[in-house]
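Protein chains in written order, with our numbering: chain A, 50 to 149; chain B, 50 to 149. Cβ atoms here follow ideal geometry from the backbone N, Cα and C, with glycine treated the same way. Everything below concerns the one structure shown next.
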DNA sequence: ATTTATTTTGAATGATTTTGTCAAAAGTAC
DNA sequence: GTACTTTTGACAAAATCATTCAAAATAAAT
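Written as structure tokens, this is what we have:
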């Protein structure tokens with residue numbers, strides 16, 4: 050249930066790699082990676098995919114972690130956060146059946 | 050389970066009001082309202098609140114509808130959409146307990 | 001069917017947000 | 001202390017988003 054940032058920081062530290070190394074692989078400045086790891090910046094899809102490749106973890110897992118972070122952020126200061134997520138879920142389910 | 054746009058279009062048509070009238074109340078161009086009703090543009094919070102006032106419906110209901118639309122949009126083309134929403138839900142729940 | 005009212009579209013513009021770079025400051029380990 | 005890593009914040013470029021406007025399309029009324 051960790052954020053993407055926490056997840057990749059742990060992966061990186063377990064391998065004892067500096068930000069520099071991972072950032073180079075992603076082709077971004079290490080400052081950005083630092084911010085991503087601490088949840089100060091959002092990664093983009095390409096970066097998430099490359100991170101999965103780099104750390105050899107399931108791409109889908111990382112994508113879900115990343116996307117759900119974005120959703121949580123979007124409803125963060127709403128007291129209707131939970132309700133909103135539940136309604137969104139129903140809408141997605143409904144769209145699924147509807148589409149063809 | 051309707052989108053915000055569908056909801057307010059119905060409200061407006063039931064009262065047989067032109068876009069112009071509602072748009073004037075919101076202090077926006079009618080073109081924008083037209084787009085909002087058809088889901089081509091996102092409303093902002095202030096507009097949603099004014100819409101609730103105008104149509105005399107529960108502000109919270111409209112806000113949830115609006116916010117959930119945004120979430121659905123964000124995960125729309127993901128095949129992990131549902132999973133993502135569920136994970137987001139867990140994260141929100143977790144944050145709730147954590148935050149004192 | 002012509003006129004009138006309403007709605008939709010899209011191009012242009014402006015504002016805001018996002019994304020990134022860089023260099024200096026802060027922190028860690030030796 | 002020095003060397004290395006991480007964090008910070010100012011700044012610029014790019015991308016996204018909101019808005020306006022006028023014209024085109026649609027619908028309604030007579």
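Bounds of any alpha helix (DSSP H) do not take in residue 128 of chain A, whose DSSP letter is neither H nor E. Annotation: Cβ neighbours of residue 140 of chain A in chain B (cutoff 7 angstroms, chain order): 50, 117 and 121. In the three-state reduction of the DSSP assignment, residue 106 of chain A falls in the coil class, being assigned neither a helical nor a strand state. A straight line joining the alpha-carbon of residue 89 of chain A with that of residue 119 of chain A spans about 12 angstroms.
Just measuring C-alpha positions, the residue of A:83, A:70 and A:122 sitting nearest residue 136 of chain B is A:122. Straight-line spacing of the CA atoms in residue 129 of chain B and residue 134 of chain A works out to 15 angstroms. Taking the Cα of residue 61 of chain A as reference, the smallest distance to any Cα among A:115, A:103 and A:114 is reached at A:103.
Short of 8 angstroms from the beta carbon of residue 72 of chain A, and not among the five residues preceding or following it, lie these beta carbons of its own chain, in chain order: 78, 79, 81 and 82. Taken through DSSP and simplified to helix, strand or coil, residue 77 of chain B comes out as coil. Burial state of residue 107 of chain A is exposed, judged by a 10 Å Cβ sphere holding fewer than 16 other Cβ atoms.
By a beta-carbon distance limit of 8 angstroms, residue 138 of chain A does not contact residue 53 of chain B. Their separation comes to about 17 angstroms. Within the region 85-101 of chain A, no residue has its Cβ closer than 9 angstroms to any Cβ of chain B.
At least one C-beta of chain A is nearer than 8 angstroms to the C-beta of residue 127 of chain B.
DSSP places residue 96 of chain A within a helical segment (H, G or I) once states are collapsed to three. For residue 59 of chain B, the enclosing alpha helix (DSSP H) covers residues 53-63. Leaving aside the five residues that flank residue 124 of chain A on each side, the residues in its chain whose CB is nearer than 8 angstroms to its CB run, in chain order, 130, 133 and 134. Chain B has no Cβ within less than 8 angstroms of the Cβ of residue 57 of chain A. Within the same chain, Cβ atoms closer than 7 angstroms to the Cβ of residue 98 of chain B are found at 108, the five residues on either side in sequence being excluded. DSSP places residue 135 of chain B in the helix class (H, G or I) of the three-state scheme.
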